[in-house]
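> In my numbering, the protein residues as written are 7 to 259.
As structure tokens, then:
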């Protein structure tokens, strides 16, 4: 399979702390890839390194064959790597539809030598917003203010805004945090719809059962190091993974 994302010997040190320590993995095109680990394992730091929010102490990151190590976040985003965050990052006083339109137009305006939005682009933004909101089943609330949505729907709106930037790779940071069981099941179904549209996903998530149910392969971090990489059935029975989760096999069942 074609390698979409390749991470080799990646490390990040903060003074004496090794937040990410010599991590290597590859993600294939068409794969839904999960990253799990106990609190403080280095998951979010790894995301920050991939997206350019942090610069690595050592190692290399390649995307679609090109080195992106040390690029600024806007340069990484222009390559097609887009991230959602644990906290909702939305325009609370704008409508749901307008949130998605703004995200689409921000992508356009970030292109070099672009200062003006033309009518055709506004129409394209509106059409794109409608399609994305329908995909995420938010079209029924498109006219509501974002602040009026329940928390789970606000998180979905954040995903919609990320999709409006037309990512090649979507990095999702704790998308199930704060969701109830029904919303989590809906999120799992959304992953499959996104895959059907050819959108590749890296998922960092504390809900291990969700990751096990949707991901093709999973990387497990502990104290900044990669301790396991494999299919869900391999990860579920890996002795190092079981030990990392305090010996509680039920936590990774």
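Beta carbons: idealized from backbone N, C-alpha and C, even for Gly. It should be emphasised that the depicted structure is a prediction, and the values quoted were computed from it without experimental measurement.
Is it right to say residue 159 is buried, meaning 16 or more other beta carbons lie within 10 angstroms of its own, or is it exposed?
Numbered from 1 along the chain shown, position 153 holds the residue referred to as residue 159. Per the 10 Å Cβ criterion, buried.
> Rounding to the nearest angstrom, what Cα-Cα distance links residue 120 and residue 219 in this structure?
Position 114 of the chain shown, counted from the first residue, corresponds to residue 120. Position 213 of the chain shown, counted from the first residue, corresponds to residue 219. Only weak support is given to the placement of residue 120: the predicted model assigns it a pLDDT of 47, under 50, and the value that follows is read from those uncertain coordinates. Spanning the two alpha carbons is a distance of roughly 43 angstroms.
> With a 10 Å radius around its C-beta and 16 neighbouring C-beta atoms as the bar for buried, classify residue 239 as buried or exposed.
By one-based count along the chain shown, residue 239 stands at place 233. Exposed.
> Give me the Cβ distance between residue 162 and residue 199, rounded to the nearest whole Å; I'm assuming they're in contact under 8 angstroms.
For the purposes of this step, residue 162 is identified with residue 156 of the chain shown, where counting begins at 1. For the purposes of this step, residue 199 is identified with residue 193 of the chain shown, where counting begins at 1. No, residue 162 and residue 199 are not in contact; Cβ-Cβ is about 12 angstroms, not under 8 angstroms.
> What first and last residue would you give for the alpha helix (DSSP H) that runs through residue 53?
Along the chain shown, read from residue 1 onward, the residue named residue 53 stands at position 47. Note, residue 53: alpha helix (DSSP H), 49-57.
> For residue 57, count neighbouring C-beta atoms within 10 Å of its own C-beta (all shown protein chains included) and say buried if the count is 16 or more, exposed if not.
Residue 57 sits at position 51 when you count from the first residue of the chain shown. Flag for residue 57 reads buried.
> Can you tell me the Cβ-Cβ gap for residue 101 and residue 148, rounded? I've got them flagged as a contact below 8 angstroms.
Here residue 101 corresponds to residue number 95 of the chain shown, with the count starting at 1. Here residue 148 corresponds to residue number 142 of the chain shown, with the count starting at 1. Going by Cβ atoms, the distance from residue 101 to residue 148 rounds to 7 angstroms, so yes, they are a contact pair.
> Figure out for me which residue from 24, 20, 33 has the closest Cα to the Cα of residue 2.
Residue numbering for the chain in the displayed model covers 7 to 259; residue 2 lies beyond these limits and cannot be assessed.
> How should residue 193 be labelled, buried or exposed, when 16 other C-beta atoms within 10 angstroms of its C-beta is the threshold for buried?
Position 187 of the chain shown, counting from 1, holds the residue named residue 193. Buried, by the Cβ-count rule.
> Short of 7 angstroms in beta carbon distance, which residues of its chain neighbour residue 131, apart from the five on each side in sequence? Order them along the chain.
Numbered from its first residue, the chain shown carries residue 131 at position 125. Cβ neighbours of residue 131 beyond the five flanking positions: 107, 110, 111.
> Does the region 64-80 come within contact of the region 229-247, defined as at least 3 CB pairs closer than 8 angstroms?
Counting Cβ pairs under 8 angstroms, fewer than three are found: no touch.
> Do you know how far the Cα of residue 249 is from the Cα of residue 256?
Locating residue 256 in the chain shown gives position 250, where the first residue counts as 1. Locating residue 249 in the chain shown gives position 243, where the first residue counts as 1. Reliability of the predicted coordinates at residue 256 is poor, the pLDDT of 48 falling under 50, and no value is obtained from them.
> Which two residues bound the contiguous beta strand (DSSP E) that contains residue 11?
As a first step, residue 11 is located in the chain shown; it is residue number 5 there, counting from the start. Looking at the DSSP string, the run of the beta strand (DSSP E) that includes residue 11 is 9-20.
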